[in-house]
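Asker:
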Amino acid sequence: MLDDVVFWVLAAVAVAAGIAVFRVDSMARATYALAVSFVAVGLALLLFDLPYLGVVVVLMMVMEMAIMAIYMIMFMGMNPALMPMSMVHGKRAALAVSSLTFGLLAAGALFVPWPSRRAAPAGDLVTSLGQAVMGSKMLVMMTVSAVLFATIVAALVLALPRGRYDRLGEDLQGDDLPGDDQEHRR
Amino acid sequence: MTLQTVLLVAAALFAVGLYGAISQQVVVMVMMGLELMLNAVILAAGAFWWFLSPTPDGQVLLLVVITAMTVEMAMGFAVATLLHRSRQSDMTDMATDLSR
Numbered sequence: 280m281l282d283d284v285v286f287w288v289l290a291a292v293a294v295a296a297g298i299a300v301f302r303v304d305s306m307a308r309a310t311y312a313l314a315v316s317f318v319a320v321g322l323a324l325l326l327f328d329l330p331y332l333g334v335v336v337v338l339m340m341v342m343e344m345a346i347m348a349i350y351m352i353m354f355m356g357m358n359p360a361l362m363p364m365s366m367v368h369g370k371r372a373a374l375a376v377s378s379l380t381f382g383l384l385a386a387g388a389l390f391v392p393w394p395s396r397r398a399a400p401a402g403d404l405v406t407s408l409g410q411a412v413m414g415s416k417m418l419v420m421m422t423v424s425a426v427l428f429a430t431i432v433a434a435l436v437l438a439l440p441r442g443r444y445d446r447l448g449e450d451l452q453g454d455d456l457p458g459d460d461q462e463h464r465r
Numbered sequence: 074m075t076l077q078t079v080l081l082v083a084a085a086l087f088a089v090g091l092y093g094a095i096s097q098q099v100v101v102m103v104m105m106g107l108e109l110m111l112n113a114v115i116l117a118a119g120a121f122w123w124f125l126s127p128t129p130d131g132q133v134l135l136l137v138v139i140t141a142m143t144v145e146m147a148m149g150f151a152v153a154t155l156l157h158r159s160r161q162s163d164m165t166d167m168a169t170d171l172s173r
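Those protein sequence lines, which keep their order, are chains Y and F. Counting from 280, one number per residue, gives the positions in the first sequence under our numbering. Counting from 74, one number per residue, gives the positions in the second sequence under our numbering.
1. Buried or exposed, going by whether 16 or more other CB atoms sit within 10 Å of the CB of V82 of chain F?
2. Which first and last residues belong to the alpha helix (DSSP H) in which A290 of chain Y is found?
3. Please list the terminal residues of the continuous alpha helix (DSSP H) segment that includes L116 of chain F.
4. Under 8 Å by Cβ, that's how I've got A438 of chain Y and L155 of chain F pegged, so tell me the actual separation to the nearest angstrom.
5. Can you tell me where the alpha helix (DSSP H) with H368 of chain Y in it begins and where it stops?
6. For Q97 of chain F, does the three-state DSSP call read helix, strand or coil?
7. Give the DSSP-derived three-state secondary structure of M417 of chain Y in the structure shown.
8. If L135 of chain F sits next to L332 of chain Y, beta carbons under 8 Å apart, how far is it from one beta carbon to the other, in whole angstroms?
9. Report, in whole angstroms, the separation of the C-beta atoms of M353 of chain Y and L313 of chain Y, which I expect to be a contact under 8 Å.
10. In three-state terms, what does DSSP make of M146 of chain F?
11. When the Cβ atoms of the region 382-401 of chain Y are set against those of the region 90-109 of chain F, are three or more pairs found closer than 8 Å?
12. Between V335 of chain Y and the rest of its own chain, which residues show a CB-CB distance below 6 Å, the 5 nearest in sequence each way excluded?
13. Given that D186 of chain F touches chain Y, what residues does it touch there, using C-beta distances under 8 Å?
14. If I follow the unbroken alpha helix (DSSP H) through G402 of chain Y, where does it start and stop?
15. Is the beta carbon of A399 of chain Y sitting closer than 7 Å to the one on P129 of chain F?
16. Under 6 Å from any heavy atom of the ligand SAM, does the C-beta of D283 of chain Y make it?
17. Using three-state DSSP, classify M164 of chain F as helix, strand or coil.
18. Do you know how far the Cα of Y92 of chain F is from the Cα of V376 of chain Y?
19. Would you say T406 of chain Y lies against chain F (beta-carbon separation less than 7 Å)?
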């Protein structure tokens, strides 16, 4: 019973904060609203006996929203909390598509005959996750590691202002290469 | 709290995120919409895991979804930085040529 009440409170907070992301009049408030929505979902995961993943979601999203707020200040050059904004396009079409999507997903959730639970949860769920990650699912985690490393490299390549041939600074930017100057020939 | 009710909440979150991803013009706001959609996927996956098959495999799948969210955020910020540097803009309407 208590779980039900907590879940419905968290669900209401998550959805209301999600709606607030696109309703509030500044990007900073939108960021905070998104963080609240994620924290509510992270706490809801705790109700499903997923303590590790719930805590990971909460910690990751709080950090991510902090980074997002910094980005907004960087790009907009002013305090985003003081700058009202409404930059949308195709509002009616977006509303129609999202309403239709919600209808389809809700119909699926309500009318699909979901099977009953197949197995009881393991005793220590965090330990079982750790054993799966380091055992039978190690290939999945190794692939994830490679993807994350590739993401780091790709994000740095995109975000850094220097290109491939700028690695030695201004020496390679002009017509004269370092090997052509007199000192180098000697 | 049943699987159906949790999935309904996840559907609402997904629809709100989809609305934001389609309607917003600022790249960072579009990313917020995508994040909300992934938030819904995490909630739905957690519910599927708990109500249908609470085995470690489902937790690993959730970890992969969280990783996808991390990758989306990192690449989104990198593209936003590149756009801002090259075009002095963070609006999607100014970058429609990227879709060609």
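Think of the CB as a built atom: it goes at the ideal place given N, C-alpha and C, for glycine as much as any other residue. All values derive from a computational prediction rather than experimental measurement.
Answerer: On the basis of the supplied data:
1. By 1-based counting over the second sequence, the position of residue 82 of chain F is 9. Looking at its Cβ environment, which holds 16 or more other Cβ atoms inside 10 Å, V82 of chain F is buried.
2. As a working note, residue 290 of chain Y is residue 11 in the first sequence. L281 to V300 is the span of the alpha helix (DSSP H), which, as asked, contains A290 of chain Y.
3. By 1-based counting over the second sequence, the position of residue 116 of chain F is 43. Secondary structure note for L116 of chain F: its alpha helix (DSSP H) is the uninterrupted segment V100 to F124.
4. Taking the first residue of the first sequence as position 1, residue 438 of chain Y is located at position 159. Taking the first residue of the second sequence as position 1, residue 155 of chain F is located at position 82. That pair is a contact at about 7 Å.
5. Stepping through the first sequence from its first residue, residue 368 of chain Y is reached at position 89. Premise fails: H368 of chain Y is in no alpha helix (DSSP H) and is neither H nor E.
6. Translated into the one-based positions of the second sequence, residue 97 of chain F becomes position 24. Looking at Q97 of chain F - three-state DSSP - the assignment turns out to be strand.
7. Sequence index remark: in the first sequence, residue 417 of chain Y carries index 138 (1-based). M417 of chain Y falls in the helix class under three-state DSSP.
8. For the purposes of this step, residue 135 of chain F is identified with residue 62 of the second sequence, where counting begins at 1. For the purposes of this step, residue 332 of chain Y is identified with residue 53 of the first sequence, where counting begins at 1. Indeed they touch by this definition, with Cβ atoms about 5 Å apart.
9. For this step, residue 353 of chain Y is matched to residue 74 along the first sequence. For this step, residue 313 of chain Y is matched to residue 34 along the first sequence. Contact flag wrong, Cβ pair sits at about 18 Å.
10. Start at 1 with the first residue of the second sequence, and residue 146 of chain F comes out as number 73. Three-state DSSP puts M146 of chain F in a helix.
11. no
12. As a first step, residue 335 of chain Y must be located in the first sequence, where it is residue number 56. Hits under 6 Å: none found.
13. Only positions 74 to 173 of chain F appear in this structure, which leaves residue 186 of chain F out of reach.
14. As a working note, residue 402 of chain Y is residue 123 in the first sequence. Where G402 of chain Y is concerned, there is no enclosing alpha helix (DSSP H), given that its DSSP letter is neither H nor E.
15. Counted from its first residue, the first sequence places residue 399 of chain Y at position 120. Counted from its first residue, the second sequence places residue 129 of chain F at position 56. Cβ atoms of A399 of chain Y and P129 of chain F: not closer than 7 Å.
16. The ligand SAM is absent from the structure shown, which contains no ligand whatsoever.
17. Working through the second sequence from its first residue, we reach residue 164 of chain F at position 91. When secondary structure is reduced to three states using DSSP, M164 of chain F falls in the strand class.
18. One-based indexing of the first sequence puts residue 376 of chain Y at position 97. One-based indexing of the second sequence puts residue 92 of chain F at position 19. So the alpha carbons of these two residues sit roughly 7 Å apart.
19. Position 127 of the first sequence, counted from the first residue, corresponds to residue 406 of chain Y. No, T406 of chain Y lies away from the interface with chain F (no Cβ there is under 7 Å from its Cβ).
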